[in-house]
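Residue numbers (my numbering), protein chains in the order written: chain A, 2 to 273; chain B, 4 to 319; chain C, 258 to 558.
One structure below.
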Amino acid sequence: MNPQSSSSATSEITGGVIQSSPKVRIEKLSFFYGTHQVLKSVSMDIPALQVTALIGPSGCGKTTLLRCLNRMHDLYPGNRYEGSVHVQPDGMDILGPGMDPIQVRMRFGMVFQKPNPFPKSIYENVAYGLRLQGMNKRRDLDERVEKALREAAIWDEVKDRLHQMAHNLSGGQQQRLCIARAIATDPDVVLFDEPTSALDPIATSKIEELIVELKKRVTVLIVTHNLQQAGRISDMTAFMYLGELVEFGSTNQLFTNPSKPQTEDYISGRFG
Amino acid sequence: MSCDGGFIVLPEHFFQRQKKQAHQRRAIDRWFQRIGFLLTLMTLGILGILLLNLAGNGLMRIDWQFLTSFPSRRAGEAGVLSAWVGTLLLMMVTAGVAIPFGVAAGIYLEEYAPKNKWTDFVEINIANLAGVPSILYGLMALGLFVYQFRFGQSVLSGGLALACLVLPIVIVATRESLRTIPANIREAAFALGATRWQAVWHHLLPYSTGGIATGVILAMSRAIGESAPLITIGALTFIAFLPPAPVLSHPPFVSFEWLFSPFTALPIQMFNWVSRPGEDFQPNAAAAGLILMLITLSMNGAAILLRKRAQRNIKW
Amino acid sequence: MSPSRPFSHRLNQAVESFMVWVLRFGGWLSVLVSLGIVVTLVTESWPFFAQVPFHRLISDTMWTPLFADPQYGISALLAGTLVTTGVALLVAIPLGTVLAIYLSEFAPTRFREVVKPLLELLSAVPTVVYGYFALLTLTPLLQKIYPDLPQFSMLSAGLIMGIMIVPYVTSLGEDSMRSVPMLLREGAFALGDGKLGVALRVVFPGAFSGLAAAYVLAISRAVGETMIVAIAAGLQPRMTINPLESAATVTAFIVQVSLGDLPHGSIGYQSIFAAGAVLFLMTLGFNLAGHVLRRRFHRAA
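Dropping the structure here:
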């Protein structure tokens, strides 16, 4: 009775909203770095408008999986994908032949492990993605920039210095700026790659609150090696080990009553 | 836009616009890739054009007669004998001064000197010297070596001017190659009781010969091609004699007279021939230029290969 | 443990102190050279500046200090330097920057490793050879396009000088760009930008002080160049900013006078040191600026 994959995500009721189909369907995804296989035929359905956490020990492939979704691996030579990843509602096949990675990346937002604001002003950082998508009228940009900064819970701290350089902000603020930058373009899905691992506890909790707010409007996939964090903010959790998806289910279930022994070992700290 | 139980279904044209933008960006990238590649080939091609140009005009002029004749007012009889001998003698002086002092300076700055604002000053100084125009070294040599020290307009003055010019190159090359040696090699030597000099002489210098040699070759290549400083100190362009030989067939077997002799050099000779109106001397100039190019290109090429091999061989 | 050990130890110490002395001398040699340059320039040009009224350096329009009725408008020489440098930079900066972006952001690693040293060869060509090429090959070519071009022109010399300087811009520029961390680029790629966009919008501003250092050092190199302009741009000082004319630069003037008779202390002798002093101040300014910019870049990185 323990759902291991969410192909029947219809049966999951979270926050009172019934999802009709998964947001991202991953089918038999394998990833090769040169001849070395890093992901082994991973299949899972990521539900829409929920926070899905990817957990697992170092080297299990969780970050690799995340970066497959927005084709970041394409930036480096020697990589190969197998399998398919479809995004709803249009069914776009991210890994399809002839699929333009640039087009894929415009649908996803990504927040990285270390904050990486551009060497530009706070305003221009957030406006970057908007300009890329063709927005150039000052008033439209102002509106969207403010909206994104509010949603990232940083507007009040920066509204008086929008045109100052971004690197003057503290680490936690920089990361929230990067979140604003990622959500400014209204992506379908936002990918978080261990976003708080370089931050202090106060900054971390601000961002965790932010993510829980965000899921009302975007689907969130977050890689984290902090089990407590996964427990705090995610609705669904996927446990990966050595490139394979070991278990995938609701967070409550996975943490209190995991069905695979490996999952239990990891969660109870027997290895990690 | 329609709402559907928590979903926001985006209209088709939004995706179309993103698709078009993505397509445009890819196209721009492809174009830049092509243009960059072409420009790179064109720029490198200029090197080839230079060589072909010189060879076309001057290759047939190079023969035994050309290499063993003095300059002459008749283009057909003019040769580069005094020029290449002069270059050779100059290089003996330049190398003899720049290499030991440059390496010594590099060792001192890298291994001995404390890190304070004086050494900072010395570093800034070296960086500035590397950017001082070569003709200013000639002016210094004119005032200092030619007149003040009374060396006259001689091989010694010229060689010293060039040595000062290339000194920064040797210093920097020495420092950089010493810097790549990891700290634990030094520490191992000290732990065995070596003095600092012993550590340098027995352990560090042997490992950095590759890098130092590279720097020395580049420095000498630069010195061979320089003409501005030599013109300034009064290197003559019409020398129909050779400086006295350094070795003698009778005791004391070594002479230093040549150091104080007037001289000319390959690039000076080429400059002289290029500056003449009319076409007569152009083949001579091209021939001299070809010889210069071949020398400098092969030296630089050797230095590059040496550097690559040193990097590949030494894996800490 | 041989009983002579204390002696060999003392010998070692002696060698050590001797070598330290030798090395320290070497270390300060570079300072001596700098001092030599500065002191020589100052003492030998002092008589010139002492007897020429300062206002004439600025107000005279011709530079003929060796004539019977001498004119001291050094701006005639400065104009020549300015124009040839300007032409050279118009070639070297755009071309060098495009090549730097291409090699850093677009070209495959193997290609870049082969091309970089080859490009540096371009700056190793003896400048007399470049001068030859400018005068005897490029100028006739340009004359086919523009028949009124004189035999000596600042355009021809400037173009070749630009080619010679490209490696300075490309090499330093590419090094600066490559040291911008990949993480920064990934942020831009993740938003859907393309390679050129990332290069121009993220890498270029991120590498800016390094690039600025490269540009400033290129300017310094162009200002100090001697043989190319002496051979191809002409040796007659002329107050003009038209690159299609011939004119002497500060450096070409020094060459021209040196080719003649130069008795110690004569007016000609003093005038070349005066020109040299001006040249030194200009390049010192650029070199220091370049050094500061490069330091700032390394600190920011």
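Even glycine gets a Cβ: it sits at the ideal position worked out from N, Cα and C.
Next item on the list: Could you give the DSSP three-state label for B/V250: helix, strand or coil?
Entry: Indexing the second sequence from 1 puts residue 250 of chain B at position 247. Under the three-state reduction of DSSP, B/V250 is assigned to strand.
Check: Given a limit of 7 angstroms on CB to CB distance, which residues of the segment 365-398 of chain C reach chain A?
Finding: Residues: none.
Next item on the list: Examine the Cβ distances between the segment 40-49 of chain B and the segment 455-471 of chain C and report whether three or more of them are shorter than 8 angstroms.
Entry: They do not touch, by the three-pair rule.
Notebook entry, point to check: Of all Cβ atoms in chain B, is any one closer than 8 angstroms to the Cβ of C/V290?
Noted result: The residue you call residue 290 of chain C lines up with position 33 of the third sequence. At least one chain B Cβ lies under 8 angstroms of C/V290.
Next item on the list: Specify, as a first and last residue, the run of the beta strand (DSSP E) that A/Y242 falls within.
Entry: Within the first sequence, the letter at position 241 stands for residue 242 of chain A. M237 to Y242 is the extent of the beta strand (DSSP E) around A/Y242.
Next item on the list: Per DSSP, which residues does A/G110 bridge with? Please list them.
Entry: By 1-based counting over the first sequence, the position of residue 110 of chain A is 109. Bridge partners of A/G110: A/V191.
Check: Since A/R26 sits in a beta bridge, which residues does DSSP pair it with?
Finding: The residue labelled residue 26 of chain A in the question sits at position 25 within the first sequence. In DSSP, A/R26 forms a bridge with A/D46 and A/H87.
Checklist line | Closest Cα partner of B/A176 within the set B/G161, B/I65, B/N187 and B/A133 | finding: For the purposes of this step, residue 176 of chain B is taken as the residue at position 173 of the second sequence. Selected option, being the one with the closest Cα: B/A133.
Next item on the list: Quickly, what does DSSP pair A/T220 with across the bridge? List them, please.
Entry: The residue labelled residue 220 of chain A in the question sits at position 219 within the first sequence. Beta-bridge pairing links A/T220 to A/V190.
Note to self: Just checking: is the beta-carbon of C/E443 within a distance shorter than 8 angstroms of some beta-carbon in chain A?
What the structure shows: As a working note, residue 443 of chain C is residue 186 in the third sequence. So, interface residue.
Notebook entry, point to check: Is C/F311 buried or exposed, if buried means 16 or more other CB atoms sit within 10 Å of its CB?
Noted result: Position 54 of the third sequence holds residue 311 of chain C. C/F311 should be labelled exposed.
Item checked: Near-chain B residues of the segment 346-359 of chain C - C-beta to any C-beta below 8 angstroms -> Cβ contacts with chain B come from L352, V355, L356, I358 and Y359.
Check: To which residues of the same chain is B/L195 closer than 8 angstroms at the C-beta, ignoring the five residues directly before and after it?
Finding: Position 192 of the second sequence, counting from 1, holds the residue named residue 195 of chain B. There are no such residues.
Item checked: Contact set for C/Y472: own chain, Cβ-Cβ below 7 angstroms, skip 5 residues either direction -> Working through the third sequence from its first residue, we reach residue 472 of chain C at position 215. Counting only Cβ-Cβ distances below 7 angstroms, and skipping sequence neighbours, we find I350 and V426.
Margin query: Within the continuous beta strand (DSSP E) that includes A/G250, where are the two ends?
Written below: Residue 250 of chain A sits at position 249 when you count from the first residue of the first sequence. Residues E245 to S251.
Next item on the list: Take B/I271 and list the residues in its own chain whose beta-carbon comes closer than 6 angstroms to its own, dropping the five residues that flank it on each side.
Entry: Translated into the one-based positions of the second sequence, residue 271 of chain B becomes position 268. So the qualifying residues of the chain are S230, L233, A238 and T240.
Notebook entry, point to check: Short check: CB of A/A154 to CB of A/K216, under 8 angstroms?
Noted result: Numbered from its first residue, the first sequence carries residue 154 of chain A at position 153. Numbered from its first residue, the first sequence carries residue 216 of chain A at position 215. With contacts defined by Cβ atoms closer than 8 angstroms, A/A154 and A/K216 do not form a contacting pair.
Check: Listed from N- to C-terminal order along the chain, which residues in the segment 100-117 of chain A have their beta-carbon within a distance smaller than 7 angstroms of any beta-carbon of chain C?
Finding: Within the segment 100-117 of chain A, the residues whose Cβ lies closer than 7 angstroms to any Cβ of chain C are, in chain order, I103, R106, M107, M111, F113, K115 and N117.
Check: In chain C, what lies closer than 8 angstroms to A/M73 by C-beta?
Finding: Your numbering for residue 73 of chain A matches position 72 in the first sequence. Under the 8 angstroms cutoff, chain C gives E443, F446 and A447.
Notebook entry, point to check: Which residues of chain A have a Cβ atom closer than 9 angstroms to the Cβ of B/Q24, listed in chain order?
Noted result: Along the second sequence, read from residue 1 onward, the residue named residue 24 of chain B stands at position 21. What B/Q24 touches in chain A: I103, Q104, M107, L133, Q134 and G135.
Check: Is the beta carbon of B/R225 sitting closer than 8 angstroms to the one on B/I172?
Finding: Against the second sequence, residue 225 of chain B aligns to sequence position 222. Against the second sequence, residue 172 of chain B aligns to sequence position 169. Taking the C-beta atoms as reference points, B/I172 is found nearer than 8 angstroms to B/R225.
Next item on the list: Please confirm if C/L550 has its CB atom under 8 angstroms from at least one CB of chain A.
Entry: Along the third sequence, read from residue 1 onward, the residue named residue 550 of chain C stands at position 293. No, C/L550 does not count as interfacial toward chain A.
Notebook entry, point to check: Under the three-state reduction of DSSP, which class applies to C/D317: helix, strand or coil?
Noted result: Reading the third sequence from its first residue, position 60 is the one you call residue 317 of chain C. DSSP places C/D317 outside both helix and strand once states are collapsed to three, so it counts as coil.
Notebook entry, point to check: With a Cβ-Cβ cutoff of 8 angstroms, do B/L93 and B/G162 count as a contact?
Noted result: For the purposes of this step, residue 93 of chain B is taken as residue 90 along the second sequence, with counting starting at 1. For the purposes of this step, residue 162 of chain B is taken as residue 159 along the second sequence, with counting starting at 1. Closer than 8 angstroms, so yes.
Next item on the list: Under 8 angstroms by Cβ, that's how I've got B/L269 and B/V83 pegged, so tell me the actual separation to the nearest angstrom.
Entry: As a first step, residue 269 of chain B must be located in the second sequence, where it is residue number 266. As a first step, residue 83 of chain B must be located in the second sequence, where it is residue number 80. Taking the Cβ atoms as the reference, B/L269 lies roughly 7 angstroms from B/V83, within the contact range of under 8 angstroms.
Item checked: Own chain residues within Cβ distance below 6 angstroms of A/A181, not counting five before or after -> Translated into positions along the first sequence, residue 181 of chain A becomes position 180. These residues qualify, in order along the chain: V127, A149, L150 and A153.
Item checked: 4-residue-minimum alpha helix (DSSP H) runs that sit fully inside the segment 91-155 of chain A, ordered along the chain -> Here the runs fully enclosed are 102-106, 123-133 and 139-152.
Next item on the list: Tell me whether C/M258 is buried or exposed, calling it buried when 16 or more other Cβ atoms sit within 10 Å of its Cβ.
Entry: Counting from one through the third sequence, the residue named residue 258 of chain C turns up at place 1. The predicted model places C/M258 with a pLDDT of 46, which falls under 50 and marks its position as unreliable, so this point remains unresolved.
Item checked: Contact set between A/L243 and chain C, taken where Cβ atoms lie within less than 9 angstroms -> Position 242 of the first sequence holds residue 243 of chain A. Ordered by position in chain C, no residue passes the 9 angstroms Cβ test against A/L243, which lies about 25 angstroms from the chain.
Margin query: For C/V512, tell me which candidate among B/R77, B/M95, B/I102 and B/I236 has the shortest Cα-Cα distance.
Written below: As a first step, residue 512 of chain C is located in the third sequence; it is residue number 255 there, counting from the start. C/V512 has its Cα closest to that of B/I236, out of B/R77, B/M95, B/I102 and B/I236.
Check: Should B/R225 be flagged as near chain A, meaning a C-beta pair shorter than 8 angstroms?
Finding: Position 222 of the second sequence, counted from the start, is the residue given in the question as residue 225 of chain B. Judged by the 8 angstroms Cβ criterion, B/R225 is not in contact with chain A.
Item checked: Distance between B/F274 and A/P102 (C-alpha atoms, nearest Å) -> Indexing the first sequence from 1 puts residue 102 of chain A at position 101. Indexing the second sequence from 1 puts residue 274 of chain B at position 271. Spanning the two alpha carbons is a distance of roughly 57 angstroms.
Margin query: Let me make sure I understand the geometry here. Which of C/G451, C/G415 and C/G517 has the alpha-carbon closest to that of C/E339?
Written below: Looking up residue 339 of chain C in the third sequence gives position 82. Note on identity: in this sequence residue 339 of chain C is Leu, with Glu being the wrong assignment. Comparing Cα positions, the closest option is C/G415.
Check: Using 8 angstroms as the limit for Cβ to Cβ distance, is A/D91 near chain B?
Finding: Locating residue 91 of chain A in the first sequence gives position 90, where the first residue counts as 1. Taking Cβ atoms only, chain B reaches closer than 8 angstroms to A/D91, which makes this a yes.
Check: What's the gap between the Cα of A/K160 and the Cα of A/V146?
Finding: As a working mapping, residue 160 of chain A is identified with position 159 in the first sequence. As a working mapping, residue 146 of chain A is identified with position 145 in the first sequence. Here the alpha carbons of A/V146 and A/K160 stand approximately 10 angstroms from one another.
Item checked: Sequence-distant residues of its chain with Cβ nearer than 7 angstroms to B/A78 (five each side left out) -> The residue you call residue 78 of chain B lines up with position 75 of the second sequence. For B/A78, same chain residues with a beta-carbon under 7 angstroms away, outside a window of 5 residues either side, are D283, F284 and N287 in chain order.
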